[in-house]
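Since the structure comes first, as structure tokens, the remarks are kept for the end.
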Amino acid sequence: MLEKTYRPGEVERKHYENWEAAGAFAAQPGSGATPYTIMMPPPNVTGSLHMGHALTFTLQDVLIRYQRMRRRDALWQPGTDHAGIATQMVVERQMAEEKLTRHDLGRERFIERVWEWKAQSGGTITGQLRRLGASPDWSRERFTMDEGLSAAVRKVFVDLHRDGLIYRDKRLVNWDPKLHTAISDLEVEQREIQGHMWYLNYPVEGMEGRWITVATTRPETMLGDTAVAVHPNDPRFTDLVGKSVLLPIVGRCIPIIADEYSDPEKGTGAVKITPAHDFNDFEVGRRHGLSMINIFDRDARINENAPAAYHGLDRYEARKQVVAAFESLGLLVKIEPHVLMMPYGDRSGVVIEPWLTDQWFVDAARLAKPAIEAVEQGKTRFVPKHWENTYFEWMRNIQPWCISRQIWWGHQVPAWYGPDGKFFVALTEAEAANQAQAHYGESVSLTRDPDVLDTWFSSALWPFSTLGWPEQTDALQRYYPTDVLVTGFDIIFFWVARMMMMGIHFMGEVPFKDIYIHALVRDEKGQKMSKSKGNIIDPLDLIDRYGCDALRFTLAALAAQGRDIKLAEGRVEGYRNFATKLWNAARFCQMNDCQLVPGFDPAKAGQKVNRWIVGQLADAQARIGQAIEAYRFNDAANLVYQFVWNSFCDWFLEFAKPILQGEDAAAKAETRATAGWVLQQILRILHPFMPFITEELWEQFSDSSGLLINAPW
40 MLEKTYRPGE
50 VERKHYENWE
60 AAGAFAAQPG
70 SGATPYTIMM
80 PPPNVTGSLH
90 MGHALTFTLQ
100 DVLIRYQRMR
110 RRDALWQPGT
120 DHAGIATQMV
130 VERQMAEEKL
140 TRHDLGRERF
150 IERVWEWKAQ
160 SGGTITGQLR
170 RLGASPDWSR
180 ERFTMDEGLS
190 AAVRKVFVDL
200 HRDGLIYRDK
210 RLVNWDPKLH
220 TAISDLEVEQ
230 REIQGHMWYL
240 NYPVEGMEGR
250 WITVATTRPE
260 TMLGDTAVAV
270 HPNDPRFTDL
280 VGKSVLLPIV
290 GRCIPIIADE
300 YSDPEKGTGA
310 VKITPAHDFN
320 DFEVGRRHGL
330 SMINIFDRDA
340 RINENAPAAY
350 HGLDRYEARK
360 QVVAAFESLG
370 LLVKIEPHVL
380 MMPYGDRSGV
390 VIEPWLTDQW
400 FVDAARLAKP
410 AIEAVEQGKT
420 RFVPKHWENT
430 YFEWMRNIQP
440 WCISRQIWWG
450 HQVPAWYGPD
460 GKFFVALTEA
470 EAANQAQAHY
480 GESVSLTRDP
490 DVLDTWFSSA
500 LWPFSTLGWP
510 EQTDALQRYY
520 PTDVLVTGFD
530 IIFFWVARMM
540 MMGIHFMGEV
550 PFKDIYIHAL
560 VRDEKGQKMS
570 KSKGNIIDPL
580 DLIDRYGCDA
590 LRFTLAALAA
600 QGRDIKLAEG
610 RVEGYRNFAT
620 KLWNAARFCQ
630 MNDCQLVPGF
640 DPAKAGQKVN
650 RWIVGQLADA
660 QARIGQAIEA
670 YRFNDAANLV
680 YQFVWNSFCD
690 WFLEFAKPIL
700 QGEDAAAKAE
710 TRATAGWVLQ
720 QILRILHPFM
730 PFITEELWEQ
740 FSDSSGLLIN
750 APW
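Per the numbering used here, the sequence shown starts with residue 40, numbered consecutively.
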């Protein structure tokens with residue numbers, strides 16, 4: 040007999056253990072069934088479950104449970120990401136409490152320490168995914184730095200380098216002066232700040248009393264200026280193009296150039312060009328063949344390329360002294376308040392410096408071309424469709440991808456340097472030594488490149504490296520390409536686009552047929568959740584209070600395409616009440632002996648109310664399946680809700696009561712059998728959304744000893 044009250048905590052633990060013990064999540068490659076594959080976006084190994092995870096993994100689990108019940112060979116491939124900088128910072132913070140730095144340990148011992156940390160703490164996120172009811176094939180769990188995936192990374196690097204798609208170059212990167220590494224655009228947080236605009240006069244060479252005024256928010260960078268740009272059609276400067284200005288303080292003559300980058304309507308119409316410290320200026324510098332003078336060291340202090348008086352100064356101290364020098368020379372025109380966007384490192388919290396440095400790059404433009412065509416030709420489809428535009432816009436204007444990072448935790452670049460700085464890219468040091476011997480004519484000592492690869496480089500290989508590539512495994516042939524990628528819009532550029540590029544290049548096929556982009560989970564007022572606002576809702580707290588099923592159903596019911604989710608705790612409580620309603624309906628059926636009768640054919644029901652509920656169920660079942668397959672999760676959840684609460688509980692059971700209490704034995708028997716049969720069908724269609732309560736009720740009502748997770752839809 041069912042308990043009076045549903046207790047999710049006990050039930051959830053029991054059934055998850057049962058599912059795992061039964062191997063219910065495992066793919067069935069030998070089954071002959073059509074494969075259905077989803078790649079789990081690998082959460083950072085440092086991570087813990089947040090509401091964004093709860094949404095994306097709930098939606099993936101709905102799809103995988105549904106397709107499993109539709110008798111597809113469903114593989115949900117799990118794993119975690121080594122999360123280079125994030126993980127290194129966690130371990131370094133831990134060591135700081137022991138008054139140690141990574142340099143005290145040295146690279147090898149530090150990396151051992153990170154692996155030790157991973158062994159102890161790296162499973163937190165996967166344990167929390169189990170609490171969410173996620174049903175990936177845990178037997179296939181991968182880690183982006185396990186040996187198989189590391190081998191794939193090395194091969195991809197070597198092959199792309201051989202094909203001219205990876206190269207070493209001196210370019211501007213986002214430099215974090217605290218972490219001492221290049222970082223990706225994703226790791227740069229743009230913050231609006233109240234700053235200033237300084238207007239500075241540069242005297243025109245050979246034209247006494249003639250100045251050109253530039254406006255800048257970063258006056259210290261003038262120490263590295265190599266030109267002043269004006270618009271070619273700006274009449275104010277026509278006579279100055281081709282002439283030079285004498286750069287104050289430095290005493291360097293720099294040209295006045297015509298370039299459309301300069302906007303006549305903005306500032307003074309003349310722009311100081313510092314190619315080594317501004318991304319736009321870098322492109323201007325390349326167009327005009329300008330010198331690129333790097334004035335900062337890795338700590339963002341002034342280096343020896345600036346006048347001696349500034350050597351070693353912090354950039355902001357240098358700013359004060361540069362402004363003071365202009366003022367004393369009578370060349371400071373004015374200072375105005377100015378609101379600007381400032382780039383900060385999302386982990387270090389310091390201002391990021393565009394810095395000219397030697398790094399490894401991927402020629403992303405060449406890889407992007409077939410990835411653009413694949414979406415244009417419909418080989419991969421974005422849902423909602425409008426996200427294609429975001430993808431196209433970025434891919435058609437894609438820049439070289441900086442893939443090297445100056446940290447220790449990650450995939451070390453497979454390149455070795457000879458005594459003269461020439462590098463040799465190879466899968467192993469022995470291969471590099473052979474290349475070097477062939478080049479130098481003798482055996483030489485090689486030094487490995489100390490840099491590691493951007494975390495997104497290994498993540499880009501996820502759809503095929505997890506299946507065994509570069510080996511041509513059975514799993515790779517069976518499960519690639521995958522069916523759908525479910526992810527948030529914020530990583531279309533950083534992950535989705537790169538998986539498309541790498542998948543097509545190395546596999547000759549797109550990595551997924553569909554890309555479902557879900558919205559953001561916000562608070563009930565529509566505000567983005569953040570620590571600073573104090574409005575973060577912890578999914579594990581909600582699971583503790585209301586049960587996992589209530590949270591899952593809430594997220595699915597609110598996951599409308601193209602609309603952010605406003606999450607209020609009251610909604611989760613409401614769907615907990617829905618679970619209670621179902622539980623009470625099941626208790627009613629149990630108390631009235633409403634069980635599925637072997638051989639019962641619902642199509643032959645004679646009672647009007649029984650025929651009605653059977654018809655309602657058939658309609659709901661079809662529409663729910665269609666909605667899930669179209670990624671209309673909110674429609675599917677709401678259809679289930681309306682059928683269970685309204686059609687079954689409020690109408691059918693109420694109409695059934697007088698029959699069950701009446702004297703017509705045949706009508707009673709048919710109604711009991713119908714109620715039992717419909718309840719079983721409800722458990723099937725609700726299972727992908729609410730797996731725990733449905734499995735518990737199935738255990739009580741099923742006519743078989745099997746698990747609901749394995750039952751057909």
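We put the CB at the ideal spot given by N, CA and C, even for glycine.
Here the structure is a predicted model, which means the values were calculated and not measured.
Buried or exposed for residue i, please, with buried defined as at least 16 other CB atoms from any protein chain shown within 10 angstroms of its CB.
i    : result
K489 : The sequence shown places Pro at residue 489, rather than the Lys named in the question. Under this definition P489 is an exposed residue.
E510 : exposed
G542 : buried
R810 : Absent from the structure is residue 810, since the part of the chain shown begins at 40 and ends at 752.
S301 : buried
W154 : exposed
F318 : exposed
N213 : buried
P637 : exposed
N272 : exposed
H478 : exposed
N685 : exposed
G468 : Note that residue 468 corresponds to Glu in the displayed sequence, not to Gly. E468 is exposed by the Cβ-count criterion.
A348 : exposed
Would you kindly report the start and end of the unbroken alpha helix (DSSP H) that includes residue i?
i    : result
F64  : No alpha helix (DSSP H) holds F64; DSSP gives it neither H nor E.
N649 : K647 to E668
N673 : F672 to Y680
I763 : The requested residue 763 does not occur in the structure, where the chain is confined to residues 40 to 752.
A173 : Unbroken run through A173: none, as it is neither H nor E.
W737 : P730 to F740
Would residue i pass as a contact of residue j if the rule is Cβ separation under 8 Å?
i    : j    : result
I251 : V289 : no
Y241 : L286 : yes
G324 : P314 : yes
Y383 : V372 : no
T97  : G161 : no
E51  : F672 : no
A125 : T85  : yes
C628 : L718 : yes
L41  : Q739 : yes
K311 : V253 : yes
H316 : P423 : no
I442 : W399 : yes
Taking the beta strand (DSSP E) that residue i falls in, what are its first and last residues?
i    : result
E155 : Taken as a continuous stretch (DSSP letters only), E155 belongs to no beta strand (DSSP E), being part of the alpha helix (DSSP H) at R146 to S160.
R230 : V227 to P242
F551 : F551 to H557
F528 : Unbroken run through F528: none, as it is neither H nor E.
C292 : R291 to A297
S283 : S283 to L286
F421 : R420 to V422
A254 : W250 to T255
W455 : A454 to Y456
A598 : Careful: A598 lies outside any beta strand (DSSP E) and carries neither H nor E.
Could you check what DSSP says for residue i in three-state terms: helix, strand or coil?
i    : result
C441 : strand
D632 : coil
Q566 : coil
Q700 : coil
H769 : The question about residue 769 has no answer here: the residues shown for the chain are numbered 40 through 752.
V310 : strand
N213 : strand
P274 : helix
E3   : Outside the shown range of the chain, which is 40 to 752, sits residue 3, and nothing can be said about it.
R561 : strand
Say whether chain D places a C-beta atom closer than 8 Å to the C-beta of residue i.
i    : result
E481 : Absent here is chain D; the protein component of the structure consists of one chain.
Looking at residue i and the ligand SAH, is the gap between the Cβ and the nearest heavy atom below 7 Å?
i    : result
R107 : Among the components of this structure there are no ligands whatsoever, and the ligand SAH is therefore not found.
For the structure I just gave you, are there three or more beta carbon pairs, one from the stretch 105 to 122 and one from the stretch 571 to 578, closer than 8 Å?
no
Across the stretch 408 to 419 and the stretch 217 to 236, are there enough close Cβ pairs to call them in contact, namely three or more that are closer than 8 Å?
no
Pairs of beta-carbons, one from the stretch 517 to 527 and one from the stretch 189 to 197, closer than 8 Å: are there three or more?
no
Contact the stretch 427 to 440 vs the stretch 159 to 179: 3+ CB pairs below 8 Å
no
For the structure I just gave you, are there three or more beta carbon pairs, one from the stretch 215 to 226 and one from the stretch 326 to 341, closer than 8 Å?
yes
Across the stretch 552 to 568 and the stretch 584 to 592, are there enough close Cβ pairs to call them in contact, namely three or more that are closer than 8 Å?
no
Could you tell me whether the stretch 479 to 499 touches the stretch 454 to 470, where touching means 3 or more Cβ pairs closer than 8 Å?
yes
Touching or not, the stretch 75 to 82 and the stretch 136 to 153, by the rule of three or more beta carbon pairs under 8 Å?
no
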